[in-house]
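A.B. asks: With the numbering used here applied, the sequence shown covers 73 to 681.
Backbone N, C-alpha and C fix where the C-beta goes; we use that ideal spot for every residue, glycine too.
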Amino acid sequence: MDTTMITIVERLAWTSVQTALLVGLVWAVCRLVPSLGAATRCRLWWLVSLQAVAGLFWAQPLQLAVLPAPALAADTFIAGTDVAYAHAPALPTAQVVSAIHTVSSAAIGAAPWWALVLAALWISGVLAMAWRTAAEWRRTRALLAAAQPCADQTLVEALNLAAEAHGLRRAPRLWMSAQIDAPQVVGPLRPVLLLPAGARALQGDALDLALTHELQHLQRHDLQWGLLPAVAQHLFFFHPLLCLAVREYAQAREEAVDAAVVEGRSERRQDYGRLLLQLGVMPRPHLGVASAAPSTASLKRRLLSLQQRHACPKAVAVALTVAVLAIGVLPMRLVAAPPPPAPPAAPAAPRAPVPPAPPSAPAAPPALAVPPATDLPAAPPAPAAPAAPAKVQEKTTSTTTIMRSSDDDSLSMITHGELDLGKRPDRAYVLLDGNASYAHGAMDDVKQARRDLGADSQAFWFRQGTERYVVRDRTLLLQMQEAYADAARIGTEQAKLGRQQGELGRRTGEQARAVAMVAREEALRAVRHSTDINRDAAAEAARASLEASRAAKDARGNAELATLAQRQASLGAEQAALGQRQSQAHARAAREAEKIMAQALQDGRAQRL
C-alpha cells in the first residue's frame, strides 16, 4: 500500500510539471497563430487533458536521460568498496544478495510520512469532486423528471429532418422545460434536447439557429469527447493550469460550433449574434452543453469570434496538432544520464607482510650431528571461496523462479509460475504452450498435465480436487497467454541474470583458488630457502623478494575479487527487483486464471478428463 502511495505522488508530481509545460506550449501556439480555427484550438486544449490522464496511469513513461550523472558519488563509492574488500574477508555471494534484498525491502516498505499525507489529501479532493458531480447528476435527473416531451409534432418532425441532414443516425429526444432559459443537450449516452417553455420559448429563426447549434454538438460528439477533460479536472483539481485548459477547451468548443452554424451563410452572423445576446449568461451544465455562455467574458469572446472570416490553412492546423501530440502528450520522465566509464581504480595498498620467524639457532652439535629442524613460517590464509547457494527447502513455494522439469533425459520444459514443491494444493492449473508451461500448483500437476495432453500441445489444464478439466478454446487460451505475458518476459530476464550470476560465481571461485595456490607456492618457497642455515644472508634476501612478490599478487587478486563481488551485488539487486515484479505479475495472472476457469465451467468450454 505504501509503495502505491509513493507511486501515485510521484506520477502526480511529474505529470503536473509536464502538464504545465504543455499548457504553456498550447497557449503560445494560440497566441502566435491568431488565425487558428476554433476547432483546432479545441483539439489542442483537449490534448492537454489527454496528457494529464495518460501521465497518471501510464506505467512506463518515456525516460529522458538529461539530468547530470552522479559521477562523483559513484567514484567515491567504488573506491571505498575496493579498499573495504582489500582489507576484509570476502562475503559469500548468497549473503550479499540476501543483504541487498533485505535493505531494499525495508526501504520500499516504509513510505515517508509526507507521501502518505499528500496521497490522502489527493484522494480526499478526488472524492469531493466526485461528490459534486453526483450532486449535479441528481439535479439533472430532477430537471428531466420535471420536463415534458414536446407535444408539437411539426417541431419534432423538423428536428428529425435536421438530425438526418447533420448525419445523425437517431435524433435526440425533444423535451420542454420551464426551468431553463436556453436550449441545452444533456446525457452523453442517451442525449435529451431541452428547450425552454412558456414565456422563454424561442420562435422562428431563433429556434432554428438554436436547434442547429445543439445538433452541431451532437454531430461533433462533444458530449462524449468532453468526458476526458472532466476526468482530468477531477484527478487534477489542484492544478490551476489544467483547470484553465479545461475552460479553454469548453470555450473553443462553443466557438467551433458557432462557426459551424454560420459557415457559408454570412447573412446569419448578425441574427446568430442577436440570439447569443438574447440567451444571455447561464451556468454551464456539468453533464451537457448549452447554447448560452457561462460568463460575460465568454459571451464577448464568442461574439468576437463570429467576426473572424479567414482561418489558417488546414495543413498548418494539422501540422500544429501533430507536433503538439508528438512533443507534449507522451508521458515523460527526466532521469540521470548514465555515469561515464570510471577510470580503473588503483589497487589498494597491501598491508605490511609479517616476516616469517627466523630459524632457531642449532645447538652445538658433536661431530657429524644433524642440526634440529627449523620452525616453518605460517602460510597466509587463502581468501574464502563463495558459499554455495542455499538449498531450497522441500516444502517451500516458489513465486518468481523459472523451473525446468523433465520426465526423461530427452524431454524438458520450462515452467513459469508458482510451484509448490511439497504438499499438493486442492486447486491447480497448467497452461501448456509448446515448449513452455505456466503453472499454479505442484510439480506433479505439471507432469500430470503433460501426460494428459502431450508435451507439445496448446491447452489449458486445471484441477479442482480430484476432477481434471481441459480447455482448448482459442479465445480463452489467448486470454491466458496475455495474462502470463508479463510473467514470461520477466522470467526470461531473471534467467539471463541468473546465468550472469553463475558465471560471476565461477570466476570468483577460480580467482579464490588461484590466490590460495599462490599463497601455498610462496610458503613452500619460503620453507626451502629457510632450511639452509649455512646461507643466512641469501635466505633473508630470498625471503624478502618472495614476500614482496606475494604481497603484489595478493593485492591484485583481492582487487579482482572485490570487483567481482561488486558486480555480483549489483546483479543481486536487479534480481531482487525482478522478483518483486514477478510476484505481482503472477498474482495478476492467477486472478485472471480464476476468472477463465469459472467462465469455462459455466459455459461448457471445459471438458472433464
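#1: On the DSSP letters alone, give me the boundaries of the beta strand (DSSP E) that Val401 sits inside.
#2: Among residues of its own chain, excluding the 5 on either side of Leu375, which ones have a beta-carbon nearer than 7 Å to its beta-carbon?
#3: Identify the residues that DSSP records as bridge partners of Trp533: which are they?
#4: Once the 5 residues before and after Glu236 are set aside, which same chain residues still bring their CB inside 8 Å of it?
#5: Straight-line CA distance for Ala234 to Leu287?
#6: On the three-pair Cβ rule with 8 Å, is the region 75-87 touching the region 276-295?
#7: How long is the line joining the alpha carbons of Ala100 and Leu119, rounded to whole angstroms?
#8: With respect to the beta strand (DSSP E) encompassing Trp247, which residues constitute its N-terminal and C-terminal limits?
#9: Can you tell which of Gln350, Glu554, Asn232, Asp498 has its C-alpha closest to the C-alpha of Leu274?
#10: Using the Cα positions of Arg245 and Ala230, report the straight-line distance between them to the nearest angstrom.
#11: Assuming contact is defined by CB atoms lying nearer than 8 Å, are Leu94 and Gly400 in contact in what I supplied?
#12: Could you name the residues of the same chain whose beta carbon sits closer than 6 Å to that of Ala690, not counting the 5 residues immediately before and after it, in chain order?
#13: Leaving aside the five residues before and after Ala383 along the sequence, list all residues of the same chain whose C-beta is less than 7 Å from its C-beta, in chain order.
#14: With DSSP run on the structure shown, which of helix, strand or coil describes Thr603?
#15: CB Ala369 to CB Met354, shorter than 8 Å?
#16: Run through DSSP, which three-state label would Ile150 get?
#17: Which residue comes first and which comes last in the alpha helix (DSSP H) that contains Pro312?
#18: Are the Cβ atoms of Pro357 and Gln251 separated by less than 8 Å?
#19: Keeping to the same chain, check which residues put their C-beta closer than 7 Å to that of Asp505; ignore five residues upstream and five downstream.
#20: Counting pairs of Cβ atoms below 8 Å between the region 534-541 and the region 669-679, do you hit three or more?
#21: Using only alpha-carbon positions, find the residue among Thr635, Gly360, Ala332 that is nearest to Ala302.
#22: Would you kindly report the start and end of the unbroken beta strand (DSSP E) that includes Tyr510?
#23: Are there 16 or more other CB atoms within 10 angstroms of the CB of Glu326, so buried, or fewer, so exposed?
#24: In chain order, what residues of the same chain lie with their CB nearer than 8 Å to the CB of Tyr510, ignoring the 5 residues before and after it?
#25: What span of residues does the alpha helix (DSSP H) with Leu287 cover, start to end?
#26: Which of the three DSSP states is assigned to Gln132 in this structure?
#27: Do Pro268 and Trp247 have their beta-carbon atoms positioned less than 8 Å apart in this structure?
#28: For Leu491, which of helix, strand or coil comes out of DSSP?
#29: Could you spell out the range, first to last residue, of the alpha helix (DSSP H) harbouring Leu299?
#30: Could you tell me the distance, in whole angstroms, from the CA atom of Met77 to the CA atom of Ala131?
#31: Which one of Arg211, Ala254, Ala331 has the shortest CA to CA distance from Arg113?
#32: How would you call Asp498, buried or exposed, if buried means at least 16 neighbouring beta carbons within 10 angstroms?
#33: Under a three-way DSSP split, which group does Ala126 fall into?
#34: Can you give me the C-alpha to C-alpha distance between Gln380 and Met201, rounded to a whole angstrom?
#35: Measuring only the C-alpha atoms, how far is Val394 from Val189?
#36: Tell whether a beta-carbon distance below 8 Å holds between Arg677 and Asp516.
C.D. replies: Inspection of the coordinates gives the following:
#1: Looking at the DSSP string, Val401 is not in any beta strand (DSSP E), and its letter there is neither H nor E.
#2: Gly345, Leu348
#3: Val502, Val542
#4: Ala243
#5: 8 Å
#6: no
#7: 15 Å
#8: 245-249
#9: Gln350
#10: 13 Å
#11: yes
#12: Outside the shown range of the chain, which is 73 to 681, sits residue 690, and nothing can be said about it.
#13: Ser107, Gly109
#14: The predicted model places Thr603 with a pLDDT of 46, which falls under 50 and marks its position as unreliable; any figure quoted below should be read in that light. The answer is coil: DSSP assigns Thr603 none of H, G, I, E or B.
#15: no
#16: With a pLDDT of only 38 at Ile150, under 50, the local geometry of the prediction cannot be trusted, and the value read off the model is given with reservation. Three-state DSSP puts Ile150 in a helix.
#17: 312-334
#18: no
#19: Gln530, Gln553
#20: yes
#21: Gly360
#22: 508-514
#23: buried
#24: Thr487, His488, Gly489, Val502, Leu503, Met552, Tyr556, Ala559, Ala560, Ala661
#25: 276-291
#26: coil
#27: no
#28: strand
#29: 299-307
#30: 14 Å
#31: Ala331
#32: exposed
#33: helix
#34: 37 Å
#35: 39 Å
#36: no
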